[in-house]
Amino acid sequence: MNVLSLSNIKKNFGSIEVLKDISLNVREGEVMSIIGSSGSGKSTILRCATMLETINGGSIIYKGKKVAWENPDGSIVYANKGELTKIRSYFGLVFQNFNLFPHYSVLKNIIDAPIHVQKIHKEKAVEIAKDLLIKMGLEGKENYYPCQLSGGQQQRVAIARALALNPSILFFDEPTSALDPELTGEVLNVLKDLAAMHMTMVIVTHEMNFAKEVSDEVMFMDKGVVAQTGTPEEVFSSSNPRIKEFLGRFYG
Amino acid sequence: MSLNVLFLQLLEGMVTSVSIFVLTLVFSLPLGLVISFGRMSKNIIVRTISKAYISVMRGTPLMLQLLMVYFGPHFIFNINISSNYRFYAVIIGFVLNYAAYFAEIYRSGIESMPKGQYEAAKVLGYGKFSTFFRIIFPQVIKIILPPITNEVITLVKDTSLAFVIAVSEMFATAKALASAQASVMPYIAAAIFYYVFNLLVAKIMEIIEKKMNYYK
Chain A
1 MNVLSLSNIK KNFGSIEVLK DISLNVREGE VMSIIGSSGS GKSTILRCAT MLETINGGSI
61 IYKGKKVAWE NPDGSIVYAN KGELTKIRSY FGLVFQNFNL FPHYSVLKNI IDAPIHVQKI
121 HKEKAVEIAK DLLIKMGLEG KENYYPCQLS GGQQQRVAIA RALALNPSIL FFDEPTSALD
181 PELTGEVLNV LKDLAAMHMT MVIVTHEMNF AKEVSDEVMF MDKGVVAQTG TPEEVFSSSN
241 PRIKEFLGRF YG
Chain B
1 MSLNVLFLQL LEGMVTSVSI FVLTLVFSLP LGLVISFGRM SKNIIVRTIS KAYISVMRGT
61 PLMLQLLMVY FGPHFIFNIN ISSNYRFYAV IIGFVLNYAA YFAEIYRSGI ESMPKGQYEA
121 AKVLGYGKFS TFFRIIFPQV IKIILPPITN EVITLVKDTS LAFVIAVSEM FATAKALASA
181 QASVMPYIAA AIFYYVFNLL VAKIMEIIEK KMNYYK
């Protein structure tokens, strides 16, 4: 079953068409990487899927539940507020620059939404959080504040925060782009662990080796359209000149 | 008149000054937040009214505003005002005036919050209300503490303006004593009182600022 279906997504910022006609399906347990040059619309597709941007065309469906669809006259309708709140709990998003809450400790960053949004008991939320911190290699950091952590550690807290809500699918928007090269490894390792546990993920990334290694499917985007979708082998050995040129810059 | 008696009399006035100070803060800080919401509202009518309010309150003398609040009901609406109303008029005048300044301070803090904080909260499922009061506002407080301290210190000194509608706070008392004794001593004593009051206020604000320093 598809956890997420995006069909014919269009998005304009003013007169600029950022997404021209994007369709993608993510099956349960699948890891999809979205690659492509800056400005190709990779992040915008995540922002549309996570309802941070509204679409101008197409449809978004999570687990059979419609988020947004097109009326016969072409206008876009979003589901009602209650339905959207429910659907929002299906996904999590990890940002490029973490967006942790600086005034909350590591623990509070992770448990606050489960307690105040999902109304989970505090003891239960703490238990989940501590378990996640161990998985993230952050045992004992509960009472630290984000400013006391390295970028890699902050990003792992952000991943734990997203996982604490038990989402069906997790989006990553260039999760290592704000990190020093020597810190990207620790975040990528966490993603690999999650992939091994069959967490459904969509990852926008510039880490080509990582994308090749961990993905079930790779989508190459160019100027707001999907240039190619396929297995890592198919995309990385593509004869598409645009893809060859792009990958050539990474592999010299 | 001995210094002791002078100090005692000033102290009595000081109680009124402190009451004006405390009551003004208690009411103008929340009211300022409400006005800042109005000022940032998407509704153009609400926004324009709030903007005009702030503009008038900041653009006219507080002393004049106090006189308007005190005499306005009588001269405009022909309502008989009792002398009890003096103190209320002072509080109303101060609250209306300071709320305008606080509104702009809140706005500067709220608008400086990174968009990513709202987005993270939204994706995590926080509603508008809890996003603001759990995530945004606590961070805003930290940012706006220095300008708030400025306003609070100004307020300590501004309480002396209450004398224009004959509320006998400390300044009015000092003035009366000075002319009765033909001496500058009451003024010096009042100056010391104001200064110590402000020293205390500054110290308290410094402690609060330090408390907020647990994160960057």
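Protein chains in written order, with UniProt numbering: chain A, 1 to 252; chain B, 1 to 216. Note that beta-carbon positions come from the ideal geometry of N, C-alpha and C, so glycine has one too.
- Neighbours of A/N97 across chain B, judged by C-beta separation under 9 Å: P114 and G116.
- A/C48 places its beta carbon less than 8 Å from that of A/I9.
- Cβ-Cβ separation between A/I22 and A/I45: approximately 6 Å, consistent with a contact (criterion under 8 Å).
- In this structure, the alpha-carbon of A/Q96 lies about 20 Å from that of A/L19.
- Going by C-alpha positions, A/Q155 is about 12 Å away from A/F101.
- Under DSSP, A/Q228 shares a beta bridge with A/F220.
- Among the residues facing chain B, A/D112 is included, as its CB has a counterpart in that chain under 8 Å away.
- Contact with chain A is absent for B/G109, since none of that chain's Cβ atoms lies less than 8 Å from the residue's Cβ.
- With a 10 Å radius around the Cβ and a threshold of 16 neighbouring Cβ atoms, B/S179 comes out exposed.
- If you draw a straight line from the Cα of B/K115 to the Cα of A/L52, it is about 11 Å long.
- According to DSSP, A/R27 shares a beta bridge with A/N2.
- Taking the Cα positions, A/V225 is about 31 Å away from A/M197.
- Taking 8 Å as the threshold, the shortest C-beta distance from B/K122 to chain A falls below it.
- Within the same chain, I110, A160, L163 and A164 come within 8 Å of A/L132 by CB-CB distance, once the 5 residues on both sides are set aside.
- Here the stretch 144 to 155 of chain A makes contact with the stretch 174 to 185 of chain A; the two share three or more CB pairs at distances below 8 Å.
- With its beta carbon at least 8 Å from every one in chain B, A/C48 lies outside the interface.
- Counting other Cβ atoms within 10 Å of its Cβ, B/H74 stays below 16 and is therefore classed as exposed.
- With a beta-carbon spacing of about 5 Å, A/D173 and A/S43 fall inside the 8 Å limit used to define contacts.
- About 5 Å separates the CB atoms of B/I153 and B/N198; that is less than 8 Å, so the two are in contact.
- With distances taken between CA atoms, A/T54 lies nearest to A/Y78 out of A/D73, A/L107, A/E127 and A/Y78.
- Put simply, the CB of B/K216 is near chain A, with a gap under 8 Å to one of its CB atoms.
- Annotation for B/I165: no beta strand (DSSP E) segment contains it, and DSSP assigns it neither H nor E.
- Taking CB atoms only, B/I208 has no neighbour in chain A less than 8 Å away.
- For B/I165, the closest of B/I91, B/R58, B/A189 and B/I192 by C-alpha to C-alpha distance is B/I91.
- If you compare the alpha carbons of A/L247, A/S168, A/E70 and A/D112 with that of A/L4, the shortest gap goes to A/S168.
- At a cut-off of 8 Å between beta carbons, A/V202 makes no contact with chain B.
- The beta carbon of A/E30 sits closer than 7 Å to those of T200, D216 and E217, all from its chain and outside the five residues before and after it, given in chain order.
- Excluding its 5 nearest sequence neighbours in each direction, B/A190 has C-beta neighbours in its own chain below 7 Å: L10, M170, F171 and A174, listed in chain order.
- For the pair of segments examined, the stretch 140 to 148 of chain B was found to touch the stretch 196 to 213 of chain B: the number of CB pairs separated by less than 8 Å reaches three.
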